[in-house]
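There are 2 protein chains.
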Amino acid sequence: MTDQKKLNIPELSDVKKAHERISPHIHCTPIVTSQFLDAKTGAELFFKCENFQKAGAFKVRGASNAVFGLDDATAAKGVATHSSGNHALSLSYAAGRRGIPCTVVMPRTAPHAKKDAVIGYGGTIVECEPSTTSREAVFAEMVAKTGADFVHPYNDPRVIAGQATCSLELIDQVKDLDCVVAPIGGGGMISGTCLTLSHLAPSIEIYAAEPEQADDAYRSFKAGHIIADDAPVTVADGLKVPLKDLTWHFVSNHVTDILTASEQEIIDAMKLTWQRMKMVIEPSCAVPLAVILKNPNLFRGKKVGVIITGGNVDLDKLPWITATGDKQ
Amino acid sequence: MTDQKKLNIPELSDVKKAHERISPHIHCTPIVTSQFLDAKTGAELFFKCENFQKAGAFKVRGASNAVFGLDDATAAKGVATHSSGNHALSLSYAAGRRGIPCTVVMPRTAPHAKKDAVIGYGGTIVECEPSTTSREAVFAEMVAKTGADFVHPYNDPRVIAGQATCSLELIDQVKDLDCVVAPIGGGGMISGTCLTLSHLAPSIEIYAAEPEQADDAYRSFKAGHIIADDAPVTVADGLKVPLKDLTWHFVSNHVTDILTASEQEIIDAMKLTWQRMKMVIEPSCAVPLAVILKNPNLFRGKKVGVIITGGNVDLDKLPWITATGDKQ
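First to last, the sequence lines map onto chains A and B.
Under the numbering used here, think of the first position of the first sequence as -17, with each following residue one higher.
Under the numbering used here, think of the first position of the second sequence as -17, with each following residue one higher.
Quick look at the structure:
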């Protein structure tokens, strides 16, 4: 693993510093349980509710850690990012709290709710096409012009250390977990989870949950190297981005397994959560419950932490109601 | 007020007994706040989240108090009720916990989610037409046949004492409230609120919130006597029923004022709560937020308790998405 030397891998001390730095700007989100879902799965599920987080998602942890860690001169030039949504509004939120500019490159197809929220927090949007290629090209041009500090949505040690504070709270709130399940897109949350748990609770198994239709992390994990899709199509719009070197480091070294779910399984798990837990959650964070329901033997009898990553949904476009208003 | 002698009006001691009796069967629901809504209203809002209650609504408080207060011989014959929904499934839940039968007369037009939940808890449904007249006729016939104990959805001292436990928790969880806003339909929740607050915190103002299109309580309050509509039409389907003598006693003696909101205002407040608080709430319990948004001068600068009465929504029929799938 000699090439790890080139990577700036965050340490446990970075997580603790991050937690101290961001605590004034985030919520310690609650743990919610459901007797109905426990009975249905045979497991004890502890939902870490980042849908109730500031800006509606866990991404505010990493974004705040990056923004509030900048020296004043760098901060003055502002921050910039590309994101399918939650990182964008989280960075806008954090930049707004610090009083610095934030520019966001976002696919023109991103949900209106997320675009409105970015603008609501004072961010500026520059649109690109909905592909990784377009996003990166448009972004490079914008950063060259503004000189803003680039905060990558996940492949950034400051961001991973920030996301890692979620599991830090989780293992303080719930003792003796057997495993944790979190969604995987670019791998920021799962990397943060690996970072914290590998140091503080190495016996806890870490499962990453991914849409079948955007299963690049699953295929990477099985192949032993990063495989990237350019423009996957899934209802879990937060999970379309590929792994990068830093997140691949954590995924390849610390993840127990990656489990996938179909679109219908994701939609069913999302609707079930709304129906029984009365919580608005995004399609992306229904993937963990979907894989738990799909693999009962793996989770039965276990204490399972489930990270509900966000609640920013376009309420006018719900995946179980088709364009004609019919039920799916 | 000589005719009050005929009424069996619950006392504070009944509320305390109820709380002790039902505590093993209900949640002490959390208080949730929203900086966004505080900024928008200029008030400090404390949402008492009965949408996270057992069976998804506050009604389980009154139903459990009635069911667990029965002597064994009466209980063995079962319980019965008519209800537009949440009382029905709450009574089924409570009866199921005690292991006794529960029969429910319910309008054939009630949401599928509510019918399914009643059956899921082991209740039996007998359908009627969606009018108060039909409901009462079908019900009388059924009770004559089964000998079940009638637990009225709201005009029952056991039920009112049960609902009163909600405010008992609220004033313990949030100190120095200036006012409490709760929806009003038949008046069970508002009567319970009056019962608790008039004894323990008489300085707290009590506002009832009602749909304009089912404003029989508003008109009753202004007229000084009960006015009942037979079949009002409103998205707030839990608030269609009229006041009765017991609830009128509390409303006429202790409510500060009744405020109304239009259908669109109710739908907007419901959607705003889903969007910003990430909570699934029923149209009925969006009425308090709707009237707070509509009357900013009344609430600005005040500490306001807002009772979120339930979260049982038919997710296939959301009021801001029309039958053709278009936005409203």
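All C-beta atoms, glycine included, are put in the ideal place defined by N, C-alpha and C.
None of the values given here were measured: they were computed from a predicted structure.
Nearest to V217(A) (by Cα), restricted to the options G170(A), I153(A), L300(A): In the first sequence, residue 217(A) corresponds to position 235, counting from 1. Selected option, being the one with the closest Cα: L300(A).
How would you list, in chain order, the residues of chain A whose beta-carbon sits under 8 Å from the beta-carbon of M261(B)? For this step, residue 261(B) is matched to residue 279 along the second sequence. In chain order: K260, M261, V262.
Please state if the CB of I240(A) and the CB of A190(A) are separated by a distance shorter than 7 Å. As a position in the first sequence, residue 190(A) is number 208, starting the count at 1. As a position in the first sequence, residue 240(A) is number 258, starting the count at 1. Yes, they are a contact pair.
Can the beta-carbon of E192(B) be found less than 7 Å from the beta-carbon of A183(B)? Residue 192(B) sits at position 210 when you count from the first residue of the second sequence. Residue 183(B) sits at position 201 when you count from the first residue of the second sequence. Cβ distance not < 7 Å, so E192(B) and A183(B) don't count as in contact.
Return the residue from the list I274(A), S(-5)(A), V295(A) that minimises the CA-CA distance to D20(A). Here residue 20(A) refers to the residue found at position 38 when the first sequence is read from its first residue. Here the closest residue by C-alpha is I274(A).
Three-way DSSP call (helix, strand, coil) for D131(B) in this model: Along the second sequence, read from residue 1 onward, the residue named residue 131(B) stands at position 149. D131(B): strand per DSSP, three-state reduction.
If you measure beta-carbon to beta-carbon, which residues of the stretch 22 to 56 of chain A are closer than 7 Å to chain B? N33, F34, G38
Secondary structure at A62(A), three-state DSSP: helix, strand or coil? For the purposes of this step, residue 62(A) is taken as residue 80 along the first sequence, with counting starting at 1. Here A62(A) sits in strand by DSSP.
Less than 6 Å between C-beta atoms, sequence neighbours within five positions excluded: which residues of the same chain meet that for K309(B)? In the second sequence, residue 309(B) corresponds to position 327, counting from 1. In this prediction, K309(B) scores a pLDDT of 45, lower than 50, which makes its location untrustworthy; the coordinate-derived value is nonetheless stated afterwards. Counting only Cβ-Cβ distances below 6 Å, and skipping sequence neighbours, we find nothing.
Quick one: any contact between the stretch 147 to 165 of chain A and the stretch 9 to 20 of chain A, if contact means 3 or more CB pairs under 8 Å? yes
Measuring alpha carbon to alpha carbon, tell me which of N279(A), K97(A), I248(A), I188(A) ends up nearest I107(A). Within the first sequence, numbered from 1, the residue matching residue 107(A) stands at position 125. Nearest C-alpha to I107(A): K97(A).
Whole-Å CB distance - S266(A) paired with P165(A), under 8 Å assumed: On the first sequence, residue 266(A) is found 284 positions in, with the first residue counted as 1. On the first sequence, residue 165(A) is found 183 positions in, with the first residue counted as 1. Between P165(A) and S266(A) the Cβ distance is about 5 Å, and since that is below 8 Å, they are a contact.
When we look at the beta-carbon of T115(A) and count the other beta-carbons within 10 Å, is it buried (16 or more) or exposed? Position 133 of the first sequence holds residue 115(A). The residue in question, T115(A), is exposed, as its Cβ has fewer than 16 Cβ neighbours within 10 Å.
Can you find at least 3 beta carbon pairs, one from the stretch 223 to 243 of chain A and one from the stretch 195 to 210 of chain A, that sit closer than 8 Å? yes
How would you list, in chain order, the residues of chain B whose beta-carbon sits under 8 Å from the beta-carbon of G169(A)? Walking along the first sequence from the start, residue 169(A) turns up at place 187. Neighbours of G169(A) on chain B: none; closest Cβ ~24 Å, over 8 Å.
Among K157(A), A57(A), L271(A), which has the Cα closest to the Cα of I82(A)? Within the first sequence, the letter at position 100 stands for residue 82(A). Checked all of K157(A), A57(A), L271(A); the closest Cα to I82(A) is A57(A).
Using the three-state DSSP reduction, which class does K97(A) fall into: helix, strand or coil? As a working mapping, residue 97(A) is identified with position 115 in the first sequence. In the structure shown, K97(A) sits in a helix (DSSP, three-state: H, G or I).
Taking just the CA atoms, how far does A119(B) sit from D298(A)? Along the first sequence, read from residue 1 onward, the residue named residue 298(A) stands at position 316. Along the second sequence, read from residue 1 onward, the residue named residue 119(B) stands at position 137. Approximately 40 Å between the Cα atoms of the pair.
Note down, in chain order, every chain B residue with its Cβ under 7 Å from the Cβ of L271(A). Translated into the one-based positions of the first sequence, residue 271(A) becomes position 289. Those do not exist, as L271(A) stays about 16 Å from chain B at its closest Cβ, beyond 7 Å.
E(-7)(A): buried (16+ other C-beta within 10 angstroms of its C-beta) or exposed? Numbered from 1 along the first sequence, position 11 holds the residue referred to as residue -7(A). Exposed is the call here.
Mind listing which residues of the stretch 203 to 223 of chain B have their C-beta closer than 7 Å to chain A's C-betas, in chain order? none
Can you tell me which residues form a DSSP beta bridge with C31(B)? On the second sequence, residue 31(B) is found 49 positions in, with the first residue counted as 1. Its beta-bridge partners are I290(B).
The stretch 71 to 80 of chain B / the stretch 45 to 53 of chain B touching (three or more Cβ pairs under 8 Å): yes
Is it a yes or a no for the stretch 167 to 179 of chain B touching the stretch 16 to 30 of chain B, going by three-plus beta-carbon pairs under 8 Å? no
Check each candidate in T242(B), T175(B), K157(B), A37(B) and name the one with the smallest Cα separation from R201(B). In the second sequence, residue 201(B) corresponds to position 219, counting from 1. The shortest C-alpha separation from R201(B) is found at T242(B).
Count the other CB atoms, across all protein chains shown, that sit within 10 Å of the CB of F18(B); report buried if there are 16 or more and exposed otherwise. Taking the second sequence and counting its residues from 1, the one referred to as residue 18(B) is at position 36. Label assigned to F18(B): exposed.
Using a Cβ-Cβ cutoff of 7 Å, what residues of the stretch 264 to 298 of chain A are near chain B? List them in chain order. G293, L297, D298
Indicate whether L159(A) and I186(A) have their beta-carbon atoms separated by less than 7 Å. The residue labelled residue 159(A) in the question sits at position 177 within the first sequence. The residue labelled residue 186(A) in the question sits at position 204 within the first sequence. Contact flag set, yes.
Rounded to the nearest angstrom, what separates I(-9)(A) and K276(A) at their Cα positions? Sequence index remark: in the first sequence, residue -9(A) carries index 9 (1-based). Sequence index remark: in the first sequence, residue 276(A) carries index 294 (1-based). Distance between the alpha carbons of I(-9)(A) and K276(A) is about 34 Å.
Can you find a CB in chain B that lies within less than 7 Å of the CB of W230(A)? As a working note, residue 230(A) is residue 248 in the first sequence. With 7 Å as the cut-off, W230(A) does not count as an interface residue toward chain B.
Is there at least one Cβ from chain A nearer than 7 Å to K97(B)'s Cβ? Numbered from its first residue, the second sequence carries residue 97(B) at position 115. Chain A contact via Cβ: absent.
With DSSP as the reference, label V120(A) as helix, strand or coil. Position 138 of the first sequence holds residue 120(A). Helix.
Which parts of the stretch -11 to 50 of chain A are runs of the alpha helix (DSSP H), unbroken and 4 residues or longer, counting only runs that do not cross its ends? -6 to 4, 17 to 23
Would K(-12)(B) count as contacting chain A if we go by Cβ distances under 7 Å? If you number the second sequence from 1, residue -12(B) lands on position 6. It does not: the Cβ of K(-12)(B) has no partner Cβ on chain A nearer than 7 Å.
In whole angstroms, give me the CA-to-CA distance for V286(B) and F28(B). Counted from its first residue, the second sequence places residue 286(B) at position 304. Counted from its first residue, the second sequence places residue 28(B) at position 46. The straight-line gap from Cα to Cα measures roughly 6 Å.
Would you decide whether T63(B) is buried or exposed? Buried here means 16 or more other CB atoms lie within 10 Å of its CB. For the purposes of this step, residue 63(B) is taken as the residue at position 81 of the second sequence. By the 10 Å Cβ count, T63(B) comes out buried.
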